[in-house]
Amino acid sequence: MLYNLLVPLSDDYQIFNLFRYLTFRTGGAIMTALLIGFVLGPRLINWLRSKQREGQPIREDGPESHLLTKKGTPTMGGLLILIALSVSTLLWADLSNGFIWAVLVVTGGFGLLGFADDYLKLTKRNTKGLPGRIKLLGQIVISVVAVLMIQDSMPASLANGLAVPFFKDVLIDLGWFFAPFAIFVMVGASNSVNLTDGLDGLAIVPVMIACLCFALIAYLTGNAVFANYLQINHVPGTGELAVFCGALLGAGLGFLWFNAPPAMVFMGDTGSLSLGGALGTISIVTKHELVLAIIGGLFVLETASVIVQVASFKLTGKRVFRMAPLHHHFEKKGWAEPTIVIRFWIIAVILALIGLSTLKLR
């Protein structure tokens, strides 16, 4: 909004030239979202506590320690992230950019689905929430809208293409299959982050790490000179997503202040579904869908552990892990929660560095 209002004045007021620079607006988005998080956080948490007397329902079949350490902690903290993220993006981004609106549609839409899921869990006092089929259908419908918006804003030569990391000038034309593939990426990323969100701070830091990587990727793919030098696909307009990523980073930092162990609030599905969906959408716009599987490899591992566990139990009657997702397996083995969280953060950093290496290794 500031960009749209002030850039036309830049010829007369030189100071407003700053708003032409993505780096300046990205920094502004980070600080704005962080400030909103710090100011709004205590008030929102107190309000959630007043509405959620017993806090988030805890799985009875989960780690025994959770029944003591997590009891009474309010959920829906994802609202703090969504408010800070949305306000900051609307304030600092170029609102004439179609990619910004596509990402906001997915983030907000998935956030509403997560809110409904959290609300049902609280009112029914169980961990089931919104029926899986309804949640999946809602995610697919929202993703379809986003895909149409993305393809409308993207050059025709790139609209249905899939870039392959480590290879230059490789763009596979998926044709009509691209839309289902893009929907799968959005929904898959959303649910993967949701599965990872099981310990204090476990999900939000890897999300921020991935977001930082995609801020750089969005900036580079949106710049013709850098894209040509790195031999990656140049997608005009994607640089603006760096502002969104900056807002998400600031919002995530603000939330982590209150989610650090022991957590004062959980993000719930309100946060995890929306953040995963946002990452998936950004990867599609920047033509780095496969790189997301590397940078967000921790989310992939957590999801794979659930798939393997379910498949093994149904086929053989035996469990591969003591409990799934993977972080619960290590809890059952006796690892302390901070140990699991920090080691998973380290894995996320390593995978992010590997993912970023695809920009140059071609």
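Basically this note's numbering = 1-based index in the sequence shown + 109. Cβ coordinates follow ideal geometry from the N, Cα and C atoms, glycine included. None of these values were measured; they are calculated from a predicted model.
Under three-state DSSP, which class holds residue i?
{"i": "ALA387", "result": "helix"}
{"i": "VAL458", "result": "helix"}
{"i": "ASP306", "result": "coil"}
{"i": "PHE453", "result": "helix"}
{"i": "ARG162", "result": "coil"}
{"i": "ILE404", "result": "helix"}
{"i": "ILE341", "result": "coil"}
{"i": "GLY238", "result": "coil"}
{"i": "ASN368", "result": "helix"}
{"i": "GLY331", "result": "coil"}
{"i": "GLY464", "result": "helix"}
{"i": "THR184", "result": "coil"}
{"i": "LYS442", "result": "coil"}
{"i": "LYS427", "result": "coil"}
{"i": "MET295", "result": "helix"}
{"i": "LEU176", "result": "Note on LEU176: pLDDT 45, under 50, position unreliable in the model; no value is reported."}
{"i": "PRO264", "result": "coil"}
{"i": "MET373", "result": "coil"}
With DSSP as the reference, please indicate the residues paired to residue i in a beta bridge.
{"i": "ILE192", "result": "Beta-bridge pairing links ILE192 to no other residue."}
{"i": "ILE281", "result": "LEU271"}
For residue i and residue j, what's the separation of their Cα atoms in angstroms?
{"i": "PHE287", "j": "LEU271", "result": "8 angstroms"}
{"i": "ALA142", "j": "ALA356", "result": "6 angstroms"}
{"i": "PHE275", "j": "SER392", "result": "16 angstroms"}
{"i": "THR467", "j": "ARG152", "result": "42 angstroms"}
{"i": "VAL450", "j": "ALA372", "result": "13 angstroms"}
{"i": "LEU317", "j": "LYS427", "result": "Before going further, note that residue 317 is Met rather than Leu in the sequence given. Straight-line Cα distance between these residues: approximately 36 angstroms."}
{"i": "PRO264", "j": "GLU440", "result": "48 angstroms"}
{"i": "THR390", "j": "VAL296", "result": "9 angstroms"}
{"i": "SER195", "j": "ALA319", "result": "19 angstroms"}
{"i": "HIS437", "j": "PHE335", "result": "42 angstroms"}
{"i": "ASP226", "j": "LEU144", "result": "28 angstroms"}
{"i": "PRO447", "j": "LEU325", "result": "29 angstroms"}
{"i": "THR184", "j": "THR216", "result": "18 angstroms"}
{"i": "LEU157", "j": "TRP454", "result": "28 angstroms"}
{"i": "GLY346", "j": "LEU267", "result": "13 angstroms"}
{"i": "ALA402", "j": "PHE290", "result": "14 angstroms"}
{"i": "LEU462", "j": "ILE456", "result": "10 angstroms"}
{"i": "ASN126", "j": "GLU349", "result": "16 angstroms"}
{"i": "GLY284", "j": "VAL374", "result": "44 angstroms"}
{"i": "VAL256", "j": "PHE408", "result": "22 angstroms"}
{"i": "ALA298", "j": "GLY386", "result": "6 angstroms"}
Use the C-beta contact count for residue i: other C-beta atoms within 10 angstroms, 16 or more gives buried, fewer gives exposed.
{"i": "LEU176", "result": "For LEU176, the predicted structure reports a pLDDT of 45, less than 50, and the residue's modelled location is therefore unreliable. A value from the coordinates is still provided. Exposed, since its Cβ has fewer than 16 Cβ neighbours within 10 Å."}
{"i": "TRP201", "result": "buried"}
{"i": "GLY405", "result": "buried"}
{"i": "GLN340", "result": "exposed"}
{"i": "PHE422", "result": "exposed"}
{"i": "ALA420", "result": "exposed"}
{"i": "PRO315", "result": "buried"}
{"i": "ILE281", "result": "exposed"}
{"i": "ARG242", "result": "exposed"}
{"i": "TYR130", "result": "exposed"}
{"i": "ILE459", "result": "exposed"}
{"i": "SER159", "result": "exposed"}
{"i": "LEU388", "result": "buried"}
{"i": "LYS244", "result": "buried"}
{"i": "TYR338", "result": "exposed"}
{"i": "LEU239", "result": "buried"}
{"i": "PRO197", "result": "Looking at the sequence shown, residue 197 is not Pro but Ser. Flag for SER197 reads buried."}
Out of the options, which one is the CA nearest neighbour of residue i?
{"i": "PHE323", "options": "PHE422, PHE208, THR395", "result": "THR395"}
{"i": "LEU304", "options": "LEU245, ALA433, ALA336, ALA255", "result": "ALA433"}
{"i": "ILE190", "options": "SER381, ILE292, GLY238", "result": "SER381"}
{"i": "PHE364", "options": "ASN269, ALA402, VAL148, THR216", "result": "VAL148"}
{"i": "GLY361", "options": "GLN418, TYR328, GLY310", "result": "GLY310"}
{"i": "ASP306", "options": "LEU239, LYS233, GLY223", "result": "GLY223"}
{"i": "GLY181", "options": "PHE208, ASN155, LEU465", "result": "ASN155"}
{"i": "ILE139", "options": "ALA327, PHE353, SER262", "result": "PHE353"}
Between residue i and the ligand ATP, is there a pair consisting of the residue's CB and a ligand heavy atom that are separated by less than 7 angstroms?
{"i": "PRO434", "result": "Judged by which ligands are present, the structure shown has none, so any question about the ligand ATP falls away."}
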